[in-house]
Amino acid sequence: MRRTGPCLLICCPPWASPTFSPGCSPKGSRVGFIKMTQPLPCFLWTDRAPSLHMSLPTLEAYLRALQQPASRTFRDYALQRCDIERNTLGMPRVRSGNFALVFRMNDVSAKRSYALRVFTRVSKDVEERYQAIAEAIKAIRESQGSSFFVDFDYQAHGMVVNDQTVPVIKMDWNYGETLGEYLYKNYKDSKRIAKLRAQLRELCAFLQKMAIAHGDIQLGNILVSKDGAQIKLIDYDGMYVPELKGRLASELGQVNFQHPGRKESLFGPELDRFAFMSLDLSLGLLEHNAELWDRTYSDEEGVIFRATDYANPLASQTFGLAAQVPALSLPTKQFALMCLGPVEKLPDPFEFFESRIPPGTLVFKPRPKPEGEAVKKEVQPERVYVGSFEVVAAGQFAKVIRHAGRRVEAVGKVLDVRSGKAYFGSSRLPRPYIYVDFTAMSGGNVVRIKLLPEILESFTGERRLLPNDSWIGKWVTVSEVIQPIQYLSHPSFPLGIGEAGIVVNDPFQVKIISAEEAAFRLKGNNHLVRRRLGTRMTTREVPAGSRISGSPGQRRNTDALIRLSKM
C-alpha cells in the first residue's frame, strides 16, 4: 500500500491477510498495526530513495543490511528467497568494481544464482539511463540473438539500507572468468591469445553494427567462458545506446583502457574505439612475446599499456619495448600517434586491425621547441604514476583504514607471511590460509592481505607462485576493497588488535614489484605532486608527462620511436 508524501510501504506475500487498525494513528493516516493470519514476513519499507545529494551507503552499511533476513532487505521476491554467498569468515563475499559492489545470491530450492549489484556512486539520471539500456539490450537479443549481453533488472528501490531504499541491479549469475583472470592463466599460450583476440574483434564489429558502445571496455568487464570460445560484457553503467544521444557520459571508464583526452562530452557509438585497439595490440604483443606480461607489470588492472603510457608514449619504456616486436612495430607507432592526437580523430578500429589506416589520418602535434632564454627556463614535466585507483601506503594503518569500504591500490613492503591451516566457522577440518602482513601485530594494529580457504582450495596454478617466506622484504601491490576494521582477540591487547584486511578473490591480484617501482607509485599518489600537475585523481584525468610502470631510473628504450612524428 502506497501513498504520496512521506509514508510507509507495507508489502505482504499473497497468502497473508493484513488488517489495518484505524485509530492507532492520526486521522487520515493509512499507517496501522498489522494482524497476520500467518506469522511470516510482512515487512516494512520506507519508500524513500536517496536524494540527489545524499551519499550512498558504505560497504559496512551494505554488509550489515545483507546480514539481515532477505525478506526484510529486498523487494524482489526472487531475492527474498536467496541466501548470500559468504566467505570462510562468515561475511558476505564481495567483488568490487569501479563504482559498485557485487554479491552472489543463491536460491538453493530453485538451483539458481543471481548477481546482486549495489552502487557506491550513481549518476543523477541512472534510472532513465538503465531503462533505455535495458530496452536496447532486450531488442538486440530478440532481433540478433546476441550472446554478448546479460539480461538484467534495474530496481530503483530494490534494497533497504539504513532505513532508506537504494537502487540495485539483479541479473543471472554468469559462470566464467574475467578477462584479467583468463589472461593471467593463459598469456603464455599464443593459440588461446589469438582465439581471444578474434573474439574481441567480433565483439567490436557487433557493437559498431548496432551503433552502441559499452563505455568501459576493460579486463574486469568482460567474462570469458567455454575455454575462450565465448565472451560476455557486464557492467553497463556507462553504456551508450541511441536513446541516450545528446547526454553526457556518466563515467570516463578505466584509465588504463581510455584515451587521455576522453571527456564527458564525448558520448556516442565511437566510445569503445580506443579500448578495443589497445586490447588488440596488447594481445598481439603477447602472442609474439609473452615475456612482456611480466616486463610491463601486467595484471588485472592493465595489460601491457597503462594510462601513463598513453599520456607520454615517447617517454614510455613499454612503447619502446613494443616497437621492438618486428611484426607489430608499425601498429605500435600508429597507436602511439593516436595517444598523442585528439580523441575525436580516432580511426575505425578495423582500419587499425587490418593495417588500412590511410596516410595523414593520424594527427601529431609535438610541442614547439623553446628558443633563446626559454631553453634555460624549460622544466621537464614531472613523471607521475596514474593508477586505476588511489594508491595507499599499505604500511601505514591509519591511512589504510581511512579508505575502508573503498577499492584502492595498496602498495607496501611485506613484513611477514603467515600460512598454515586453521578451523574456520563450522568446519570440522582445518583449512588453508595465507596472510601477508605489512605491519607488526605487536603494535596493536595490522594491515594484511588475506587469501582465504575458498581461494586457495580452488587455486589450480603452481603453489610456489603463492605468497611464501621468500616474499618477506619484497614490495607488492594489490587492488581491492579495504574491509571494515575488525578486532582480533589477543591477550596483550584488552580491546583486541585492529585489522585492516584486504580480502582478495584471486591470488594473481597480489603482484611483486621492485622497490623503485613501489616508490614511483607511492610518489604519484602524493597530493602535493598531483596539485602541482593540476591533476584530480577522482576525475581520472591523466597528467601530461606521466609514464607507465617501470623502474624510473632505467634508461628509456625509445630508439624505435625517434622518428615517430615523421611516419
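Using the numbering used here, read the sequence shown as starting at -18 and increasing by one per residue. For every residue, glycine included, the Cβ atom is placed at its ideal position computed from N, Cα and C.
First and last residue of the uninterrupted beta strand (DSSP E) at residue i
{"i": "Pro475", "result": "474 to 484"}
{"i": "Met86", "result": "81 to 88"}
{"i": "Gln136", "result": "133 to 142"}
{"i": "Val372", "result": "372 to 374"}
{"i": "Ile463", "result": "First-last for Ile463: undefined, no H or E at that position."}
{"i": "Ile203", "result": "203 to 206"}
Separation of residue j from residue i, as counted between CA atoms
{"i": "Val306", "j": "Leu266", "result": "7 Å"}
{"i": "Ala474", "j": "Val398", "result": "The residue asked about is misnamed: residue 474 is Phe in this sequence, not Ala. Looking at the two C-alpha atoms, the distance is approximately 22 Å."}
{"i": "Met548", "j": "Leu318", "result": "Bear in mind that the predicted position of Met548 carries a pLDDT of just 43, short of 50, making it too unreliable to give a figure here."}
{"i": "Arg93", "j": "Asn293", "result": "48 Å"}
{"i": "Tyr163", "j": "Gly301", "result": "26 Å"}
{"i": "Lys172", "j": "Arg445", "result": "26 Å"}
{"i": "Asn202", "j": "Ser369", "result": "14 Å"}
{"i": "Arg178", "j": "Arg67", "result": "35 Å"}
{"i": "Trp553", "j": "Asp144", "result": "Within the shown structure, residues of the chain are numbered from -18 to 548, placing residue 553 beyond reach of any answer."}
{"i": "Pro(-5)", "j": "Tyr165", "result": "Residue placement at Pro(-5) is flagged as unreliable, the pLDDT there being 35, under the threshold of 50; the coordinate-derived value follows with that caveat. In a straight line, the C-alpha of Pro(-5) is about 49 Å away from that of Tyr165."}
{"i": "Tyr168", "j": "Asp487", "result": "16 Å"}
{"i": "Val457", "j": "Ala120", "result": "46 Å"}
{"i": "Gly482", "j": "Pro312", "result": "43 Å"}
{"i": "Pro50", "j": "Glu435", "result": "24 Å"}
{"i": "Gly227", "j": "Ile338", "result": "29 Å"}
{"i": "Val459", "j": "Lys492", "result": "7 Å"}
{"i": "Arg243", "j": "Asp450", "result": "43 Å"}
{"i": "Ala499", "j": "Ala374", "result": "9 Å"}
{"i": "Gly126", "j": "Leu188", "result": "13 Å"}
{"i": "Thr299", "j": "Gly71", "result": "43 Å"}
{"i": "Glu224", "j": "Glu116", "result": "9 Å"}
{"i": "Asp502", "j": "Val381", "result": "For the record, residue 502 in the displayed sequence is Arg; it is not Asp. Roughly 16 Å between the two C-alpha positions."}
{"i": "Gly161", "j": "Asp170", "result": "15 Å"}
{"i": "Ile478", "j": "Gly425", "result": "5 Å"}
{"i": "Tyr111", "j": "Ala421", "result": "47 Å"}
{"i": "Ala59", "j": "Val75", "result": "20 Å"}
{"i": "Phe84", "j": "Val485", "result": "14 Å"}
{"i": "Ile480", "j": "Arg429", "result": "The question names Ile, yet the displayed sequence has Glu at residue 480. So the alpha carbons of these two residues sit roughly 7 Å apart."}
Identity of the residues DSSP links to residue i by a beta bridge
{"i": "Tyr168", "result": "According to DSSP, Tyr168 bridges with nothing at all."}
{"i": "Gly401", "result": "Tyr414"}
{"i": "Trp456", "result": "Lys394, Ile494"}
{"i": "Ala96", "result": "Arg85, Met152"}
{"i": "Val427", "result": "Glu480"}
{"i": "His471", "result": "Phe474"}
{"i": "Ile212", "result": "Val205"}
{"i": "Glu158", "result": "Val205"}
{"i": "Gly283", "result": "Asp280"}
{"i": "Leu60", "result": "The partner list for Leu60 (beta bridge, DSSP) is empty, contrary to what the question assumes."}
{"i": "Tyr77", "result": "In the sequence on display, residue 77 carries Ser and not Tyr. Partner(s): Leu82."}
{"i": "Leu260", "result": "Its beta-bridge partners do not exist; DSSP assigns none."}
Cβ neighbour criterion (16 or more within 10 Å) applied to residue i
{"i": "Val89", "result": "exposed"}
{"i": "Thr69", "result": "buried"}
{"i": "Thr101", "result": "buried"}
{"i": "Val99", "result": "buried"}
{"i": "Tyr468", "result": "exposed"}
{"i": "Thr289", "result": "buried"}
{"i": "His471", "result": "exposed"}
{"i": "Gln211", "result": "exposed"}
{"i": "Ser279", "result": "buried"}
{"i": "Ser246", "result": "exposed"}
{"i": "Tyr291", "result": "buried"}
{"i": "Glu268", "result": "buried"}
{"i": "Gly505", "result": "buried"}
Closer than 8 Å: residue i CB and nearest the ligand FMN heavy atom
{"i": "Ile65", "result": "Absence of the ligand FMN is noted for the structure shown, with no ligands found whatsoever."}
Cβ-Cβ distance between residue i and residue j below 9 Å
{"i": "Gly139", "j": "Val131", "result": "no"}
{"i": "Asp388", "j": "Glu281", "result": "The sequence shown places Arg at residue 388, rather than the Asp named in the question. Contact flag unset, no."}
{"i": "Ile285", "j": "Ser310", "result": "no"}
{"i": "Phe129", "j": "Leu37", "result": "no"}
{"i": "Ile463", "j": "Gly393", "result": "no"}
{"i": "Ile409", "j": "Glu438", "result": "Checking the displayed sequence, the identity of residue 409 turns out to be Arg instead of Ile. Cβ distance not < 9 Å, so Arg409 and Glu438 don't count as in contact."}
{"i": "Phe440", "j": "Val427", "result": "no"}
{"i": "Phe316", "j": "Phe334", "result": "no"}
{"i": "Val107", "j": "Ala46", "result": "no"}
{"i": "Phe248", "j": "Ile198", "result": "no"}
{"i": "Pro241", "j": "Ile193", "result": "no"}
{"i": "Gly196", "j": "Ala230", "result": "yes"}
{"i": "Ile65", "j": "Leu97", "result": "yes"}
{"i": "Leu260", "j": "Tyr221", "result": "no"}
{"i": "Val236", "j": "Arg182", "result": "no"}
{"i": "Glu41", "j": "Pro465", "result": "yes"}
{"i": "Ser206", "j": "Gly157", "result": "yes"}
Alpha helix (DSSP H) segment containing residue i, residue limits
{"i": "Pro294", "result": "Run containing Pro294: none; DSSP gives neither H nor E here."}
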